[in-house]
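> Numbering (numbering that gives the first Met the number 0), first residue to last: 0 to 319. For glycine and all other residues, C-beta sits at the position ideal for the given N, C-alpha and C. Let me give you the structure first, and then I'll get to my questions.
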Amino acid sequence: MAPGIPRNIRKEHIISALATIDKEGYPKEHESIKYSLVYEGRKYPPVWVIRTANLFANNEPLDPTLYSGGEQSNNFLKKSGFRIVKKTHSEVDHTSFDFETMNRERIWREIQAKYQGQDIPAHVLRDTYRIYRGAGGIWVDKERTSKISNDDAGIAISVFHKGTQYPDDLPETALRSPYPATNRRGGQDENEVKATKNAKRFNIPVFVITTSKLDPTRRDVKKGFVRDWDDANQAFLIEFGKIPGYTKEGAFSEDIPFNLNQKRKRHHSSRSGNNPRFSFDVFKRYGHRCAVCSMQVEGLLTAAHIKPASENGTDDPRNG
């Protein structure tokens, strides 16, 4: 489990943190969702207060993934003599883009602090965090998120990934998620595709949920971003890391100057030469067909570098 809040953070450290926040402010994405610390008539986000107080206690800001908001942070601050109040409904715009983004970031911090994103009871994701509705694929809270997207589809909250059908996917960096194809009534498949595209359009993170490797009744969770989609090949690209330099807002762009070479880390393996981002971009650019024959069988085709990755060839699809 995560180590939590250091015990040597004292009241004077917290007061110094409040003074720092008064002077410097705090990032918008770290605004509190449900509770505020009230001190001398001003309100502060509890998690950010603790993060900043650690600067004065231990000479570095505390990583918010090491502890959770809500009960853990609130109890710690109360024991230190501070007043915690619940926000009124009027203080929180539950239909705003900012609220939705902050809420997902808060959930991610709590999942990291309590579970490190692994081996989480399914009912916790379903009932406590409301980011999961079973193994049905894409979960959308239409009632809430359609007010942000201004359409009937809403914005996808999570994708349940059952395993990859692509031979070169590396789930630790990115994955290609197929469009739903269940032929359900009411255009549900189409709405889920649109909702996932909306996550890209609004640049709101989505949760990628997979079956736990330790217990099949539990779930692992990652936070990712929908970077691109491919209607022809019916797939989304979801990434968990840094956006490559040859992209524009996460999606490959012909406007970016082409560079055949790419610096790679020494431990870069030959298998990672065909990564999900490269494969997605190549298949989107050229289609699912063999370059030297007529084969178009999905799952048997892999994207190949013209200049190999082992020779520092770029993952730009123009090298594919």
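1. Could you give the distance in angstroms between the alpha-carbon of Lys262 and the alpha-carbon of Ala303?
2. Where Ala121 and Asn260 are concerned, what is the direct C-alpha to C-alpha distance, given to the nearest angstrom?
3. Give a yes or no on contact between the region 51-60 and the region 12-29, applying the rule of three or more CB pairs nearer than 8 Å.
4. Can you tell me the Cα-Cα spacing of Ser268 and Asn311, whole angstroms?
5. In angstroms with no decimal places, state the Cα-to-Cα distance between Gly68 and Phe81.
6. When you compare each of Asn74, Met101, Lys222, Ser278 to Phe206 by their alpha carbons, which one comes out closest?
7. Assuming Ala234 and Lys193 form a contact by the criterion Cβ under 8 Å, report the distance between their Cβ atoms to the nearest whole angstrom.
8. For my contact list, Asn197 and Ile154 are in at a C-beta cut-off of 8 Å; report their separation, rounded to the angstrom.
9. Taking Thr100 as part of the alpha helix (DSSP H), name the residues at either end of that continuous run.
10. Could you spell out where the alpha helix (DSSP H) holding Glu189 opens and where it closes?
11. Would you say Leu174 and Pro275 are within 7 Å of each other, going by their C-beta atoms?
12. Ala16 and Val48: beta carbons closer than 7 Å?
13. Pair every Cβ in the region 27-39 with every Cβ in the region 72-86, then say whether three or more of these pairs are closer than 8 Å.
14. Return the CA-CA distance between Asp188 and Tyr178, expressed in angstroms with no decimal places.
15. Considering only DSSP beta bridges, list what Tyr43 is partnered with.
16. Mind checking which residues open and close the beta strand (DSSP E) that includes Lys325?
On the basis of the coordinates in this document:
1. Along the sequence shown, read from residue 1 onward, the residue named residue 262 stands at position 263. Along the sequence shown, read from residue 1 onward, the residue named residue 303 stands at position 304. In a straight line, the C-alpha of Lys262 is about 18 Å away from that of Ala303.
2. The residue you call residue 121 lines up with position 122 of the sequence shown. The residue you call residue 260 lines up with position 261 of the sequence shown. C-alpha separation (whole angstroms): 44 Å.
3. yes
4. Residue mapping note: residue 268 aligns to position 269 of the sequence shown, counting from 1. Residue mapping note: residue 311 aligns to position 312 of the sequence shown, counting from 1. Only weak support is given to the placement of Ser268: the predicted model assigns it a pLDDT of 43, under 50, and the value that follows is read from those uncertain coordinates. When rounded, the distance between both Cα atoms is 12 Å.
5. Your numbering for residue 68 matches position 69 in the sequence shown. Your numbering for residue 81 matches position 82 in the sequence shown. Near 15 Å, if we compare the C-alpha coordinates of Phe81 and Gly68.
6. Here residue 206 corresponds to residue number 207 of the sequence shown, with the count starting at 1. Checked all of Asn74, Met101, Lys222, Ser278; the closest Cα to Phe206 is Lys222.
7. One-based indexing of the sequence shown puts residue 234 at position 235. One-based indexing of the sequence shown puts residue 193 at position 194. With 8 Å as the limit, Ala234 and Lys193 do not qualify as a contact, their Cβ atoms being about 15 Å apart.
8. Here the question's residue 197 lines up with position 198 in the sequence shown. Here the question's residue 154 lines up with position 155 in the sequence shown. Right, the Cβ-Cβ distance comes to about 5 Å (below 8 Å), so this counts as a contact.
9. To locate residue 100, count along the sequence shown from 1; it is residue 101. From DSSP, the alpha helix (DSSP H) with Thr100 extends over 96-114.
10. Numbered from 1 along the sequence shown, position 190 holds the residue referred to as residue 189. Unbroken alpha helix (DSSP H) run through Glu189: 187-200.
11. In the sequence shown, residue 174 corresponds to position 175, counting from 1. In the sequence shown, residue 275 corresponds to position 276, counting from 1. Yes. Within cutoff.
12. Against the sequence shown, residue 16 aligns to sequence position 17. Against the sequence shown, residue 48 aligns to sequence position 49. Yes.
13. yes
14. As a first step, residue 188 is located in the sequence shown; it is residue number 189 there, counting from the start. As a first step, residue 178 is located in the sequence shown; it is residue number 179 there, counting from the start. Taking the straight line joining both Cα atoms gives about 8 Å.
15. For the purposes of this step, residue 43 is taken as residue 44 along the sequence shown, with counting starting at 1. The partner list for Tyr43 (beta bridge, DSSP) reads Leu36.
16. No information on residue 325 is available, as it lies outside the stretch 0 to 319 that the chain covers here.
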